[in-house]
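Residue numbers (this note's numbering): 9 to 123. Using N, Cα and C, we set each Cβ at its ideal position, and we do this for glycine too. First comes the structure, then the notes that go with it.
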C-alpha cells in the first residue's frame, strides 16, 4: 500500500493477524439467527461429532503432528500455539511413562491432567 503524507511518499506495511482455532469433535454449527459470511458475529450451537475421539493412539499422534506442522510454519504462526496433544504428551510421558497414552488409560489420564 502506498500513501502520500505531506508530499513525501512512504510505504506502509500492513500485517493482518488472524486467530485460528482448530476444534476437534465439532461437526458443524446449528445457526441461531442469520449469518452473513465467514466472519459473521452470529452465534450458534455446536453440533458434536460423536465419532470424534482422541482416545486412540493414532488420533493422539495425528493431532500432535498437525500442531507440530503448524508450529514449524514460521510464515503462518507468529506466536506459540496451544495444543492439547502436546499437553497430553507431556502428561503421558511424565505421569504414565508412555506416549501416546494407551486407549484403556485415556479417560482417567485426561481427568488427572485437568484436575
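Mark residue i as exposed unless 16 or more other C-beta atoms lie within 10 angstroms of its C-beta, in which case mark it buried.
{"i": "residue 30", "result": "exposed"}
{"i": "residue 117", "result": "buried"}
{"i": "residue 93", "result": "buried"}
{"i": "residue 34", "result": "exposed"}
{"i": "residue 96", "result": "buried"}
{"i": "residue 122", "result": "exposed"}
Would you tell me roughly how many angstroms separate the C-alpha atoms of residue i and residue j, rounded to the nearest one?
{"i": "residue 37", "j": "residue 56", "result": "9 Å"}
{"i": "residue 32", "j": "residue 60", "result": "7 Å"}
{"i": "residue 64", "j": "residue 106", "result": "14 Å"}
{"i": "residue 89", "j": "residue 79", "result": "7 Å"}
What does DSSP give as the partner residue(s) for residue i in the beta ladder?
{"i": "residue 56", "result": "34"}
{"i": "residue 39", "result": "52"}
*Is the number of C-beta pairs between the segment 88 to 102 and the segment 64 to 74 that are closer than 8 Å three or more?*
yes
*If you scan the segment 80 to 120 from start to end, which runs of the alpha helix (DSSP H) of 4 or more residues do you find wholly inside it?*
92 to 99
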